[in-house]
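Scroll down for the structure; my scribbles are underneath it.
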Amino acid sequence: MGRYLLRRLLQGIPTFFGVTLISFLVMISAPGDPVALITFSPNRDAESSAIMTRQLGLDQPAFTQYIYWLVGNDWRKIDINGDGDTNDEIDHYGERRGLLRGDMGVSLQIRRPVLSLIIERIPATLLLTFSALIVGYGVGILLGVLAATYQGTLIDQFVRIITVIGNAIPAFWLGLVMIIFFSVRADLLPMSGIQDIARRSNTFDPIETLRHMIMPVFVLSLGTIAFVSRFTRTEILEVLAQDYIRTARAKGLAERIVWRRHATRNALLPVATFIGPGLGTLLSGAVIVEQVFTWPGMGRLVVNAVFQRDYPLVMGTVVIAAVMFILGVLLSDILYALLDPRIRLE
Amino acid sequence: MTTLPTPSTITSLAEEQPRQSRALWQDALAHLLRDRLSMAALIVLTVLTVLCVAGPTVVEYVLNVDVNRTNIPDRFLPPGTEGHFLGTDHLGRDQLIRLMYGGRVSLAIAFAASAMIILIGVTLGLLAGFYGGIIDDFITWLVNTLSSIPPLFILLIVAAIWRPNAGVLIIILALTGWVGTSRLVRGEVLSLREREYIVAARALGAPTRRLMFYHIFPNLVSIVIVTGTIIAGNLILVESGLSYLGVGVQPPTPSWGNMLTDARTYFVTGVHLVVWPGLLIMVTVMCFYLVGDGLRDALDPHTSRKGSQQKPAP
Chain A
144 MGRYLLRRLL QGIPTFFGVT LISFLVMISA PGDPVALITF SPNRDAESSA
194 IMTRQLGLDQ PAFTQYIYWL VGNDWRKIDI NGDGDTNDEI DHYGERRGLL
244 RGDMGVSLQI RRPVLSLIIE RIPATLLLTF SALIVGYGVG ILLGVLAATY
294 QGTLIDQFVR IITVIGNAIP AFWLGLVMII FFSVRADLLP MSGIQDIARR
344 SNTFDPIETL RHMIMPVFVL SLGTIAFVSR FTRTEILEVL AQDYIRTARA
394 KGLAERIVWR RHATRNALLP VATFIGPGLG TLLSGAVIVE QVFTWPGMGR
444 LVVNAVFQRD YPLVMGTVVI AAVMFILGVL LSDILYALLD PRIRLE
Chain B
48 MTTLPTPSTI TSLAEEQPRQ SRALWQDALA HLLRDRLSMA ALIVLTVLTV
98 LCVAGPTVVE YVLNVDVNRT NIPDRFLPPG TEGHFLGTDH LGRDQLIRLM
148 YGGRVSLAIA FAASAMIILI GVTLGLLAGF YGGIIDDFIT WLVNTLSSIP
198 PLFILLIVAA IWRPNAGVLI IILALTGWVG TSRLVRGEVL SLREREYIVA
248 ARALGAPTRR LMFYHIFPNL VSIVIVTGTI IAGNLILVES GLSYLGVGVQ
298 PPTPSWGNML TDARTYFVTG VHLVVWPGLL IMVTVMCFYL VGDGLRDALD
348 PHTSRKGSQQ KPAP
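Protein chains in written order, with the working numbering: chain A, 144 to 489; chain B, 48 to 361.
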């Protein structure tokens with residue numbers, strides 16, 4: 144198990160660097176002068192712009208800039224005034240400690256460290272995605288088992304219709320329609336946010352948050368419900384055709400035990416492997432769902448950053464989302480290895 | 048392994064005899080024609096495409112409306128109003144004509160981008176699976192990297208930088224969407240490469256080019272068609288999502304996605320503005336998926352021989 148874990152962890156490293164490389168390449172190729180974006184002033188005089196360019200390392204070749212972005216530049220000596228030697232007055236502007244040491248730069252618009260901005264938003268997004276993951280898998284497996292049990296009946300048809308619609312319905316549209324019906328017309332559920340705006344105190348009210356969660360979680364989990372229920376149905380039907388099920392029945396086991404001990408356990412193993420990849424879909428979906436329900440998570444942060452061309456913030460969010468995704472896949476692989484000894488003995 | 052055919056296999060072989068003369072494509076077509084649900088989806092899809100491609104010109108002529116003409120006094124007209132069958136939006140633009148133009152944009156993006164995705168995905172998957180070694184390592188690394196960024200995030204950053212028109216959006220969608228196809232094709236090629244007939248062809252001295260295009264590629268065609276269809280449906284969803292967020296097709300060019308962005312602000316006064324674009328997206332995507340499913344069954348020799356295999360045993 145230890146060796147398997149180590150191998151999987153090592154495999155994540157080149158992927159992580161790939162993600163940082165892609166993020167950086169996109170940032171570098173962005174149009175517009177970063178200095179102008181930071182200062183907001185097109186009339187800034189040439190000399191101070193040149194100093195800033197040198198301090199930010201923008202005069203360096205792309206590869207050097209990538210290294211600075213990754214491991215920081217606080218260890219280098221900068222020729223700030225451009226006279227050829229590096230014995231200048233020390234000015235800490237433009238100094239960064241690099242991505243690997245937890246410094247993702249400063250947001251151009253909000254003027255605060257990117258990492259702390261993201262960390263503020265992560266809990267809301269995790270609450271949303273994990274609830275959707277649990278609901279999606281719970282309901283999906285239930286529907287899949289039902290469809291397989293009552294194969295060919297009306298129940299099966301019903302599940303199939305849910306699957307097709309769940310895959311095809313645009314999440315943001317479903318969100319809008321639900322807001323119209325449940326918030327505007329019926330006034331049953333709150334239409335946006337994570338807490339009531341009217342309430343001033345900062346205390347956390349779980350019931351209130353739950354009420355706010357109902358619609359976003361449902362909308363976000365629908366795709367997962369569709370995928371999981373269909374997948375579960377196929378797997379169960381496949382397992383039921385196996386010889387060991389026939390053996391189990393032949394030796395007189397109760398149908399209930401055949402299902403519980405032989406069929407579902409084996410059928411759900413492959414379904415479990417998709418928890419990790421499914422997390423990526425949910426993180427993507429969360430961006431849109433957060434926008435529809437004004438949910439204060441990472442998704443809204445990144446969409447706003449995109450509109451304000453706040454590149455450090457956009458890049459930071461992408462790297463963090465990718466790290467969360469990679470960890471999610473890793474965790475689900477570990478879970479799979481725990482559930483299925485064949486994997487770790489390979 | 049030598050097993051004697053059981054009587055039942057002999058009978059089933061005998062039953063299948065007249066069908067054996069049909070080629071895969073004829074067989075698939077026959078299967079598809081019998082599959083009512085998929086045929087219905089295909090018909091709906093064709094009608095929608097024709098309406099969106101040819102419709103606008105006709106409607107503009109008959110109803111005397113223009114896609115970009117705004118008319119503030121006539122805003123939020125309900126559906127059924129004289130001259131505006133589906134009502135008007137917050138700027139008094141005709142909803143029907145905008146839906147048609149929007150569909151044209153959405154469908155064009157879906158078709159073009161999925162064609163490009165197939166092209167890139169198949170090429171890279173074929174190269175990676177066939178040559179292995181360093182080429183495979185590089186392509187696999189690229190695939191792993193791209194697929195470990197949640198898809199919408201990568202689209203967002205790219206769209207943030209090049210505010211796209213429809214053409215650029217197609218390229219962006221293609222450059223970020225080929226990963227799954229290439230992984231699928233690579234896996235398929237890896238297994239095909241080891242088959243006896245490939246080894247035989249190689250032993251006979253067939254050049255690489257011939258192996259790739261004559262022996263391996265034809266075996267990929269069916270999965271490529273199926274994936275292409277499902278990807279097209281997916282792309283409609285992705286495009287509408289991006290446009291809804293405001294980073295996809297830019298107004299005033301209508302697309303089903305960005306029509307909903309506007310509708311979001313006015314859904315209390317104009318519910319009809321919310322209903323139609325969303326419904327069209329859903330129906331179109333559903334049709335693509337159903338056609339894809341139907342094609343999968345039709346092109347798979349195992350299901351098409353057995354006929355209606357999905358029906359439960361009595």
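C-beta atoms are modelled at their ideal positions from N, C-alpha and C, and glycine is treated no differently. Keep in mind the model is a prediction, meaning the values are calculated, not measured.
Excluding the five sequence neighbours on either side, which residues of its own chain have a C-beta within less than 6 Å of the C-beta of Asp476 of chain A, listed in chain order?
Arg151
Anything in chain B within Cβ reach of Asn447 of chain A, meaning under 9 Å, just list it in chain order.
In chain order: nothing, as chain B lies at least about 11 Å away.
Please tell me whether Thr192 of chain B has its Cβ less than 8 Å away from any Cβ of chain A.
Interface residue, yes.
Does Gly180 of chain B come within less than 8 Å of chain A when only Cβ atoms are used?
no
For Thr352 of chain A, which residues in the same chain have their Cβ closer than 7 Å to its Cβ, ignoring the five residues on either side in sequence?
Ile337, Gln338
So with CB distances below 9 Å, who are the chain B contacts of Arg452 of chain A?
Ala207, Ile208
Assuming contact is defined by CB atoms lying nearer than 8 Å, are Tyr381 of chain B and Pro324 of chain B in contact in what I supplied?
With chain B represented from 48 up to 361, any question about residue 381 of chain B goes unanswered, as that position is not in the structure.
Establish whether the CB of Ser335 of chain A and some CB of chain B are separated by less than 8 Å.
no
Do we get a CB-CB distance below 8 Å when we pair Trp188 of chain B with the residues of chain A?
yes
So, is the C-beta of Gly459 of chain A closer than 8 Å to a C-beta in chain B?
no
Checking 8 Å against the spacing of the C-beta atoms, do Ile186 of chain B and Leu174 of chain B come in under that value?
Yes, Cβ-Cβ distance for Ile186 of chain B and Leu174 of chain B is below 8 Å.
Below 7 Å on C-beta distance, what does Gly288 of chain B contact in chain A?
Taking the beta carbon of Gly288 of chain B as reference, the chain A residues within 7 Å of it are Pro313, Phe315, Ile431, listed in sequence order.
At what residues does the alpha helix (DSSP H) containing Asn212 of chain B begin and finish?
Here Asn212 of chain B belongs to no alpha helix (DSSP H), and DSSP marks it neither H nor E.
Decide yes or no for the touch test of the region 149–163 of chain B against the region 290–308 of chain B: beta carbon pairs closer than 8 Å, at least 3 of them.
yes
Could you work out which residues of chain B lie near Ile165 of chain A, taking near to mean beta carbons separated by less than 8 Å?
Thr192, Leu193, Ile196, Ile201
Taking all protein chains shown into account, do 16 or more other C-beta atoms lie within 10 angstroms of the C-beta of Thr93 of chain B, making it buried, or fewer, making it exposed?
exposed
Under a Cβ-count criterion, where at least 16 other Cβ atoms within 10 Å of its own Cβ denotes burial, should Trp72 of chain B be classed as buried or exposed?
exposed
If distances are taken between C-alpha atoms only, which option among B:Tyr291, B:Thr170, B:Arg83 comes closest to Arg233 of chain B?
B:Thr170
Taking just the CA atoms, how far does Gly423 of chain A sit from Val285 of chain B?
14 Å
Mind pulling the chain A residues with CB within less than 9 Å of Tyr336 of chain B?
For Tyr336 of chain B, the neighbours in chain A by C-beta distance under 9 Å run, in chain order, Val307, Asn310, Ala311.
Please confirm if Tyr244 of chain B has its CB atom under 8 Å from at least one CB of chain D.
Protein chains in the displayed structure are A and B, and chain D is not among them.
With H, G and I counted as helix, E and B as strand and the rest as coil, what does DSSP make of Pro256 of chain A?
Strand.
Looking at the structure shown, is Val268 of chain B part of a helix, part of a strand, or coil, going by DSSP?
Residue state for Val268 of chain B is assigned as helix, using DSSP reduced to three classes.
Measuring straight from C-alpha to C-alpha, what distance separates Pro197 of chain B and Ala253 of chain B?
42 Å
I think Phe361 of chain A touches Gly287 of chain A, with their Cβ atoms under 8 Å apart; what is that distance to the nearest whole Å?
Their Cβ separation, rounded to whole angstroms, is 18 Å, which puts Phe361 of chain A and Gly287 of chain A out of contact at 8 Å.
Just to confirm, is the Cβ distance from Gly275 of chain B to Ile156 of chain B under 8 Å?
Taking a C-beta distance under 8 Å as the contact criterion, Gly275 of chain B and Ile156 of chain B do not qualify as a contact pair.
Relative to chain B, which residues along the region 404–429 of chain A have a C-beta separation below 7 Å, given in chain order?
Gly423, Leu426, Ser427
Can you pull the chain A neighbours of Gly325 of chain B, defined as C-beta to C-beta under 9 Å?
Close to Gly325 of chain B, with beta-carbon spacing below 9 Å, are these residues of chain A in chain order: Ile312, Pro313, Phe315, Trp316, Leu317, Leu319, Val320.
Examine chain B for any beta-carbon lying closer than 8 Å to the beta-carbon of Val162 of chain A, and answer yes or no.
In terms of beta-carbon proximity, Val162 of chain A lines the interface with chain B, with at least one pair separated by less than 8 Å.
By the DSSP assignment, the alpha helix (DSSP H) with Trp402 of chain A in it spans what residues?
In the DSSP annotation of this structure, Trp402 of chain A is not part of any alpha helix (DSSP H), being labelled neither H nor E.
In whole angstroms, what is the alpha-carbon distance linking Val169 of chain A and Pro455 of chain A?
11 Å
Any idea what DSSP makes of Thr158 of chain A, helix, strand or coil?
helix
Name the residue from B:Tyr178, B:Val226, B:Trp209 whose alpha carbon lies nearest to the alpha carbon of Ser195 of chain B.
B:Val226
Please list, in chain order, the chain A residues whose beta carbon lies closer than 7 Å to that of Met306 of chain B.
Per Cβ cutoff of 7 Å: no residues; Met306 of chain B is ~11 Å from chain A at best.
Helix, strand or coil for Val249 of chain A per DSSP?
strand
List the whole-angstrom C-beta distance separating Arg240 of chain B from Gly180 of chain B, where the pair is believed to meet the contact cut-off of C-beta under 8 Å.
Between Gly180 of chain B and Arg240 of chain B the Cβ distance is about 13 Å, and since that is not below 8 Å, they are no contact.
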